[in-house]
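One structure below.
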Amino acid sequence: MKIQGSVALVTGANRGLGAAFARGLLAAGAAKVYAAARDPASVTMPGVVPVRLDVTQPDQIAALARELTDVSLLVNNAGIGGSGPVLDPKAIDTLHRQFETNAVGPLRMAQAFAGTLGERGHGAIVNVISALSWVTLPGATGSYSASKAAAWALSNAMRQELRAQGTQVLSLHVAFMDTDMARGVPGPKASPDEVVRQALAALEAGQSELLADDMTRSVHAGLTTQPPMYLGMVG
Ligand SMILES: NC(=O)c1ccc[n+]([C@@H]2O[C@H](COP(=O)([O-])OP(=O)(O)OC[C@H]3O[C@@H](n4cnc5c(N)ncnc54)[C@H](OP(=O)(O)O)[C@@H]3O)[C@@H](O)[C@H]2O)c1
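Residue numbers (the numbering used here): 61 to 295.
Encoded structure:
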């Protein structure tokens, strides 16, 4: 899709990768950027239109879809982390929250905005997923990985179901980025602005998938090694 002149809606746009998307879209010539946040007052970027949205609240999603009838690009970015062993009983609560935010939220958004995107002819959805949709870090990311694996499968299903109406669906996989979510993680982290630059180029090129950094590309390649990477990672 063409970014120039597009009307974008970015979830979780008040900070981290979502703010980088809002900034990058404005710089690339988007006609309008709706910056959605649980607290719209937390959106301080000039030039965007702040809107209230908690992606776990179906009523808010439905109301926003009724209000914003000009959206041609939906960026499903909002997400939550959280780690710990899945065999800890507390993991069930974490899992429910992560699924609601990271997998069900993007699906509800796609359902609510599919009609509007179809009317725009060549609309697009970006689903921000993760390298952790394919592997689990031992004793740590099981529930988050499960939610992102579900988001990956749903992104593939959305692409199939929206193809007939000409809506592009881009799955964006990235490992660690320099945002609040990965603050405690040591080692190299991708720059959110660089990830956005690649994502906008991938949209313009009509791609369905973006592996945005070396770590993600190596995890993806590791799915077919012997043993595959996800079996080799033991605690
Ligand atoms: N950082 C990484 O290393 C990394 C790697 C791979 C993928 N990702 C994914 O990248 C996306 C962006 O994450 P980030 O790194 O920018 O994290 P971040 O800095 O923690 O920002 C998360 C954003 O999501 C919003 N959010 C959380 N729950 C929400 C909800 N229920 N409704 C609406 N907004 C909600 C937050 O809003 P509040 O300010 O209200 O909390 C915030 O704007 C996420 O999907 C994440 O899973 C991140």
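We put the CB at the ideal spot given by N, CA and C, even for glycine. Just so we're clear, the structure is a prediction, and the values are computed from it rather than from any experiment.
Close-in-space but distant-in-sequence residues of the same chain around residue i (CB under 7 Å, 5 per side omitted)
i, result
"A242", "F236 and K249"
"S215", "N187, I189, V229 and S231"
"T276", "A191, H233, V234 and A235"
"H280", "W194 and L271"
"Q76", "Correcting the residue type first, residue 76 is Gly in the shown sequence and not Gln. The residues are T239, D240, M241 and P252."
Any non-hydrogen atom of ligand 1 closer than 7 Å to residue i Cβ
i, result
"V256", "no"
"R277", "no"
"G72", "yes"
"T176", "no"
"I140", "yes"
"S102", "yes"
"S205", "no"
"G76", "yes"
"T161", "yes"
"F236", "yes"
"A170", "no"
"S251", "no"
"D148", "no"
"T239", "yes"
"R83", "no"
"D114", "yes"
"N137", "yes"
"D274", "no"
"S190", "yes"
"D99", "yes"
"A242", "yes"
Reference residue i; option with closest CA among the options
i, options, result
"H233", "L271, A90, V115 and S207", "L271"
"G65", "G72, T71, T284 and A90", "A90"
"A122", "E254, A174 and T196", "A174"
"L192", "G142, G183, I152 and G226", "G142"
"S115", "A68, T129 and D99", "Sequence check: residue 115 is Val here, not Ser. Ranking the options by Cα distance to V115, first place goes to D99."
"G178", "L291, A210, L222 and Y204", "L222"
"A172", "T201, P118 and P149", "P118"
"V164", "A211, L197, T176 and A95", "A211"
"G139", "K208, L197 and H182", "K208"
"L86", "R219, L260 and Y290", "L260"
"V294", "G199, A101 and Q158", "G199"
"A224", "G181, K150 and G202", "G181"
"P219", "T176, A170, G72 and D253", "Note that residue 219 corresponds to Arg in the displayed sequence, not to Pro. Nearest option by C-alpha distance: A170."
"A125", "L147, T71 and R157", "T71"
"Q267", "L291, T227, G78 and P166", "T227"
"V255", "E160, G84, D148 and R168", "G84"
"P252", "V245, D240, L263 and H156", "D240"
Beta-carbon separation (whole angstroms), residue i vs residue j, contact threshold 8 Å
i, j, result
"A61", "A184", "It is worth fixing the name first, because residue 61 is Met in this sequence and not Ala. Indeed, because the Cβ distance is near 4 Å, the residues count as touching under 8 Å."
"A82", "A95", "5 Å"
Cutoff 6 Å; reference residue i; Cβ partners in own chain excluding five residues on either side
i, result
"V67", "A91, K92, D130, V131 and S132"
8 Å Cβ shell around residue i - same chain, five flanking residues per side excluded
i, result
"A217", "none"
"I63", "L85, A88, G89, A90, L133, L260, L263 and E264"
- Below 8 Å, can you find three or more Cβ-Cβ pairs linking the segment 104-111 to the segment 129-147? No, the segment 104-111 does not touch the segment 129-147.
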